[in-house]
Each structure stands twice: as structure tokens, then as C-alpha cells.
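The opening residue of the sequence shown carries number 3 in this note's numbering; numbering runs sequentially from there. Let me begin by presenting the structure, written as C-alpha cells, before commenting on it.
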Amino acid sequence: MINIALVGFGLSGRYLQAPFITANSNYHLKTIITSNALAKELYPEAQIVSSIEDVLADSTIDLVSIASPNATHYEYAKKALLANKHVLVEKPLASTSQEAEELILLAKQQNKVLSVFQNRRFDSDFLTVQKILKAKLLGDIVSYEVRYDRYKPVLNPKKWKETPSPGSGIIYDLGPHILDQALVLFGVPQKVWGQTYTQREGSLIDDAFDIYLSYDTMTVKLSSSLLVREESPRYRINGTAGSFVKYGIDHQEDHLKADLLPQMAGFGVEPIENQGAIYSNIGDVVIKGKVETEVGNWGLLFQNLYEAIAEGKELLIKPELVLEQIKIIEAVKQL
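Laid out in C-alpha cells, this is it:
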């Protein structure tokens, strides 16, 4: 049993992490750092504290999951590692590659597991894309395009999300998700270029971006904007044998907000109308139709994290690959 302390009880802590922690019998949610009284109501057995120091002083806590604002990630992760805790950090791991490198080195020195909450590696749509590419249903991939859009023309009431800082802006908010997926599929690119934009009225941070990753015979384009009202394809993948196009995003976040929990029937299942379309050929056989979407399961991240800590198994979300995504973000921001 791993005792875990959850730092923060906002969107990530309350909806995206706590339900999976409590659904996994290998974990005990011992402590939550929050001023939100709802945390005690939802998790009465958890101890509610007000500061990171309360967690660091508790020798019974094995793992600290940091789900606080971006600017705190590096500081809290460093303190937790120095206090001999394993650490899970909400993306981004840190605001700079230098900070990320320091955390990776410190984790190795402390002989502790350091991982990042790249939950969208276990989205229903991305799990489906992985199966299609592994089966070579599209042949050799020549172009891979992903969009992660929202329509939020009004500035976020959370001041820290709208304040210019090293880790602010949509490229640090949504960029890590689709960058992580691309790096998992294709590895570190040979060349990076792109641009960030500030489009909303009164905005002081970037709220849209285009990132291009260049490989030998393939180009990856990753885009996001907070001013896209009409849905575009989330995935558009072209290969030498065919194409795959998919609309819609994984439904786990919506399910959790609607109180449908991971252990309940239908959790992570995507509506049939969101199934992706494939048009390809294998030899002389033409394939044209819909692809059944895999069931999304962010719980796989927590199960693997447990196995890495308790059993020494290979960690899926390696901080070294996350470091590469931060380097890409920095490169684009400097262009």
C-alpha cells in the first residue's frame, strides 16, 4: 500500500487524479493539501492540511502528487524529492528544461521515482491511434496532424493562468499533451519550428500555437487555439496506404465531472458517433469505414506508477522524454 499526498484540489486533483487513486487498491489517499472544504466531504478518511511542509514532515507518505499551479511544480517537486518521497507532477514537469534536468538528476540521486501526469497518453482516441499505427493499417506515415482546441474567448478567472510567467500560456497548458503523444509515436524530431499567438481580447499570454516536428519522411503538425468554436478533426493521419480522420476528444474528464467514476460501467467509453474514419488498403483489399474506439483509462498511469515504485518495473511516463517536450516548447517560444 502506497500512502499518497495530493497537492491541490482543483481540476486535476479533484477530478483527474483523486478518483483513480481511490479506485486503485494499491494506494491510500492519506493527505490532501487544499483550502477547499469539499475535499473532506468527498474523502472523509483523508487528512486535510494547508501546506507542503505538513506533507514533507510526514514520514509515512510515500508519494507526493503535485496538482498545484504550474509555477509551483519545480519547487514542490524538489522539496518532495529532498524529503525522500516519490513524486508525480502534473504537466508541465517544470517551466524550463534546466529545472526539469535538475529534478531528473535529483530523483536519480535520491533513488526515487519521478513521473509526470501525462494522462492523455491513455485517452481513448490516442490508444486507438497507437493500435492503427502499430498494425501498419496506413502504411508508412507521411503526415500526422493533431488539434487540441477550445472556445474560451473570455479570460480565465484563475489569475495565475493569465499572468505572464515562464510556464504560462496555452503551449504549456495543452501543448504537453499532444507533444507527449507525438514523441511516444515518433521519437525526438530532427527539426522543430513553430509559432505562438496572442489572440483573445485583453490577453497577456499565448492562447494559440502551431508546432511543426520534422522527421526523415514525415512532418508532424500540432496546433491549439482558445478561439475555435467549430470543431476540427482532432487527428488527421496520412500514410502511403491510406488515411485516418477522427473528431472528438476522450470523454473521461466529462465522465468524472458528471460523477461517473472509473469503476462504473460505461466509464471511458466514447459515443459511437465519434468513431474515426479510415480509408486504406492492405494489398488488394480496400478498407473504408469506421474504427471502434478503444476505452480510455487514465488509471493505467497510476497502476504503472505503483508497479514502478513497489516492484521496480519500467516506468511508462519517463521524465527524460518529458524533458524533450519542454525543450521543444522552449525552442518554439524563442522563434
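Ideal Cβ positions, reconstructed from N, Cα and C, are used throughout, including at glycine. Treat the numbers as computed from the prediction; the structure is a model and nothing was measured.
Check, Outcome
"By the DSSP assignment, the alpha helix (DSSP H) with V57 in it spans what residues?", "54 to 58"
"Please state whether the Cβ-Cβ distance between V115 and L307 is less than 9 Å.", "yes"
"Helix, strand or coil, according to DSSP, for R123 in the structure here?", "helix"
"So that I know if they touch, is there some Cβ in chain B lying closer than 9 Å to that of Y146?", "In summary, chain B is missing from the structure at hand, where a single protein chain is found."
"Taking only the alpha-carbon atoms, compute the straight-line gap between T33 and I6 and give it to the nearest angstrom.", "7 Å"
"Jot down the residue ranges of each uninterrupted beta strand (DSSP E) in the stretch 232 to 292, minimum 3 residues, whole runs only, in chain order.", "237 to 241, 244 to 248, 278 to 284"
"If distances are taken between C-alpha atoms only, which option among H179, L215, E203, N240 comes closest to S282?", "N240"
"In the stretch 73 to 147, which residue ranges form an unbroken beta strand (DSSP E) of at least 3 residues, counting only runs that do not cross its ends?", "88 to 92, 116 to 119"
"Thinking K87 and F119 are a contact (beta carbons under 8 Å), I'd like their distance in whole angstroms, please.", "Contact doesn't hold; Cβ gap of about 16 Å is too wide."
"Could you check which residue in K160, E322, Q254 has the C-alpha nearest to that of A267?", "Q254"
"Cα-Cα, which of S245, I23, V91, L107 is closest to I143?", "S245"
"What number of angstroms, rounded off, separates the C-alpha of Y237 from the C-alpha of H179?", "13 Å"
"Output needed for S166: all residues of its chain with C-beta closer than 8 Å, excluding positions within five of it in sequence on either side, in chain order.", "The sequence as given places Pro at residue 166; Ser does not occur at that position. Correct list, in chain order: L206, I207."
"Run through the DSSP bridge pairs and tell me what Y199 is partnered with.", "A210"
"Determine whether the beta carbon atoms of I251 and D127 lie at a separation below 9 Å.", "yes"
"What is the rounded straight-line gap between the Cα of L107 and the Cα of L90?", "15 Å"
"Any idea which residues DSSP pairs A7 with across the strands?", "T33, V66"
"Assuming contact is defined by CB atoms lying nearer than 9 Å, are F188 and L224 in contact in what I supplied?", "no"
"Here's the rule: buried if 16 or more other CB atoms are within 10 angstroms of the residue's CB, otherwise exposed. What is V288?", "exposed"
"Taking buried to mean at least 16 other C-beta atoms within 10 Å of its own C-beta, is S14 buried or exposed?", "buried"
"If you draw a straight line from the C-alpha of S52 to the C-alpha of S97, how long is it?", "24 Å"
"In the DSSP assignment, find the alpha helix (DSSP H) that holds V230 and state where it starts and stops.", "No alpha helix (DSSP H) holds V230; DSSP gives it neither H nor E."
"By the three-class DSSP mapping on this structure, what secondary structure does Q192 have?", "coil"
"Would you kindly check if the distance between the Cβ of A102 and the Cβ of V324 is under 9 Å?", "yes"
"Would G230 and R152 qualify as a contact pair, given that the criterion is a beta-carbon distance under 9 Å?", "Before going on, a small fix: residue 230 reads as Val here, not Gly. Yes, the pair counts as a contact, with Cβ atoms nearer than the cut-off."
"How big is the Cα-Cα spacing for E140 and L258?", "A quick correction: the sequence has Leu, not Glu, at residue 140. Going from the Cα of L140 to the Cα of L258 covers about 33 Å."
"How do the stretch 157 to 175 and the stretch 67 to 77 stand: do at least 3 beta-carbon pairs fall below 8 Å, yes or no?", "yes"
"To the nearest angstrom, how far is the alpha carbon of V297 from that of V148?", "20 Å"
"Could you give the distance in angstroms between the alpha-carbon of T130 and the alpha-carbon of K81?", "38 Å"
"Let me confirm a value: D182 is counted as buried when at least 16 other C-beta atoms fall within 10 Å, else exposed. Which label applies?", "buried"
"With burial defined as no fewer than 16 other Cβ atoms inside 10 Å of the residue's Cβ, what is the status of V66: buried or exposed?", "buried"
"What are the start and end residues of the beta strand (DSSP E) that includes Q49?", "49 to 51"
"Are I35 and V57 close, meaning C-beta to C-beta below 9 Å?", "yes"
"Between T242 and G301, what straight-line distance do the alpha-carbon atoms span, to the nearest angstrom?", "35 Å"
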